[in-house]
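Enquirer: Quick note on numbering: UniProt numbering labels position 231 of the sequence shown as 231, and the sequence is numbered without any gaps. Don't be surprised by glycine CBs; every beta carbon is placed ideally from N, CA and C. Quick one: structure below, then a few questions.
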Amino acid sequence: MTSLPQEDDMGQVSDWFEERPINKTSRQKLARMTGDRVLFAGVDWAKFPEGTQAGSKVRMLDYACGPGFLSKIFGPYVSSIHAVDASAAMIEKYKNNMNEFGLACEKVAVMVGNLLSDPPEPSLLASEEYQHFDFITVGSALHHFPSAENAVRLLGERLKPGGVLLIQDLYSHVSSEAVQESGQAKHPQQKEGDIKALMEKAGLVDFKFEVLQENLEIELLSEEVCQIQCFIARAARPLS
């Protein structure tokens, strides 16, 4: 039996999670489903999926970036990435994956930090360099933040007019065993109306939401296997 990592060691937890065969398969499925929806974001990309060079300069902020799941998906279509995570272990993993993002390494800036604290930490996160983004992503992290409302508001403020905030997160979560034994329905964890309300309260417009219909199996540290669905949502800062 594989030894379990300490829950407070984010590097070990991430390594364990990513190495489990069930989780690898689900991560690949989620990457495919998200990657198939690049145009869903509604961003005027620097380069479009068919290879067309649009000539636009697209600055991306990948917040709570983890090992770079969303940077790998959207990196080929942007001009630069700023990646921020509160975990130093996650930033090290992100750095190790930078050659997979479709950008020259000098176009990717990484930092251990917290944009949601008051004031942001470190202080560089309050500078102009971390403002006026064309595209901000948050992957599988919104439900971990102390206040989702506060997070959406603060990230929305860092968009330039017309910039897009994209959230990918958990939609439903139920034990596979419970499904098999009792037929228990999956209960939404974050409903479309809730996410829409967060975006609108932050002053964002042109909201879109989609549940990724393919179910994913995830093995947890408890060694329980759960069945989940994920969603993606986007909204934009008004042009004026």
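Could you compute how far the alpha carbon of M199 sits from the alpha carbon of Q168?
Expert: On the sequence shown, position 199 is the one that residue 199 refers to. On the sequence shown, position 168 is the one that residue 168 refers to. The straight-line gap from Cα to Cα measures roughly 14 Å.
Enquirer: Report the residue from E18, E19 and N23 whose alpha carbon sits nearest the alpha carbon of Q227.
Expert: Along the sequence shown, one-based indexing puts residue 227 at 227. Ranking the options by Cα distance to Q227, first place goes to N23.
Enquirer: Measuring CA to CA, which of D206, C65, A41 and L204 is closest to A86?
Expert: Counting from 1 along the sequence shown, the entry for residue 86 is found at position 86. The option with the nearest alpha carbon to A86 is C65.
Enquirer: Alpha carbon to alpha carbon, how far is G55 from L103?
Expert: Stepping through the sequence shown from its first residue, residue 55 is reached at position 55. Stepping through the sequence shown from its first residue, residue 103 is reached at position 103. Looking at the two C-alpha atoms, the distance is approximately 15 Å.
Enquirer: Could you give the DSSP three-state label for C230: helix, strand or coil?
Expert: Your numbering for residue 230 matches position 230 in the sequence shown. The answer is strand: DSSP assigns C230 an E or B state.
Enquirer: Which two residues bound the contiguous beta strand (DSSP E) that contains F69?
Expert: Residue numbering aside, residue 69 sits at position 69 when the sequence shown is read from its first letter. F69 -> not in any beta strand (DSSP E); alpha helix (DSSP H) instead, spanning F69 to F74.
Enquirer: Touch check for the segment 222-237 and the segment 157-172: three-plus C-beta pairs under 8 Å?
Expert: Cβ pair count under 8 Å is three or more, so yes.
Enquirer: Can you tell me whether T52 is buried or exposed? The criterion is at least 16 other CB atoms within 10 Å of its CB, across all chains shown.
Expert: Your numbering for residue 52 matches position 52 in the sequence shown. Exposed: under 16 other Cβ atoms inside 10 Å.
Enquirer: Nearest to A233 by CA position, among A46, L165, N99 and L39, is which residue?
Expert: The residue you call residue 233 lines up with position 233 of the sequence shown. Answer by Cα proximity: L165.
Enquirer: Just how far apart, CA to CA, sit I95 and A83?
Expert: Stepping through the sequence shown from its first residue, residue 95 is reached at position 95. Stepping through the sequence shown from its first residue, residue 83 is reached at position 83. Going by the sequence as given, residue 95 is Lys instead of Ile. In a straight line, the C-alpha of K95 is about 10 Å away from that of A83.
Enquirer: Should P67 and M90 be called a contact, given that it needs their Cβ atoms to be closer than 8 Å?
Expert: By 1-based counting over the sequence shown, the position of residue 67 is 67. By 1-based counting over the sequence shown, the position of residue 90 is 90. Closer than 8 Å, so yes.
Enquirer: Relative to the alpha-carbon of E214, which residue among E18, R27, A109 and P21 has its alpha-carbon at the smallest distance?
Expert: Reading the sequence shown from its first residue, position 214 is the one you call residue 214. The option with the nearest alpha carbon to E214 is R27.
Enquirer: Ignore the nearest five residues each way along the sequence and tell me which others in K201's own chain have a CB closer than 8 Å to its CB.
Expert: The count along the sequence shown starts at 1 and reaches residue 201 at position 201. Closer than 8 Å at the Cβ level, and outside the excluded window around K201, lie E149, V152 and R153.
Enquirer: Given this structure, state the Cα-to-Cα distance separating F40 from T137, to the nearest angstrom.
Expert: Here residue 40 corresponds to residue number 40 of the sequence shown, with the count starting at 1. Here residue 137 corresponds to residue number 137 of the sequence shown, with the count starting at 1. Cα to Cα, the separation comes out at about 13 Å.
Enquirer: Among the residues of its own chain, which have a CB less than 7 Å from the CB of E219, if the five just before and after it don't count?
Expert: For this step, residue 219 is matched to residue 219 along the sequence shown. Same-chain partners within the cutoff: R20, I22, N23 and V225.
Enquirer: From A141 to L155, what distance separates their C-alpha atoms?
Expert: Mapped onto the sequence shown, residue 141 falls at position 141. Mapped onto the sequence shown, residue 155 falls at position 155. The alpha-carbon atoms of A141 and L155 are separated by roughly 13 Å.
Enquirer: Taking the straight line between their C-alpha atoms, what separation do you get for S147 and E18?
Expert: Here residue 147 is taken as the residue at index 147 of the sequence shown, counted from 1. Here residue 18 is taken as the residue at index 18 of the sequence shown, counted from 1. Distance between S147 and E18, taken at the CA atoms: about 27 Å.
Enquirer: For S127, count neighbouring Cβ atoms within 10 angstroms of its own Cβ and tell me buried if that reaches 16, exposed if not.
Expert: Here residue 127 refers to the residue found at position 127 of the sequence shown. S127 comes out exposed.
Enquirer: Quick check on the burial criterion: 16 or more other C-beta atoms within 10 angstroms. Buried or exposed for A46?
Expert: Counted from its first residue, the sequence shown places residue 46 at position 46. The residue is buried, with at least 16 neighbouring Cβ atoms inside 10 Å.
Enquirer: Can you have a look at G113 and say buried or exposed, based on whether 16 or more other CB atoms are within 10 angstroms of its CB?
Expert: Mapped onto the sequence shown, residue 113 falls at position 113. Classification of G113: buried, given that the 10 Å Cβ count is 16 or more.
Enquirer: According to the Cβ coordinates, are I73 and G42 closer than 8 Å?
Expert: In the sequence shown, the residue the question calls residue 73 occupies position 73. In the sequence shown, the residue the question calls residue 42 occupies position 42. It is not a contact, given that the beta carbons lie outside the stated cut-off.
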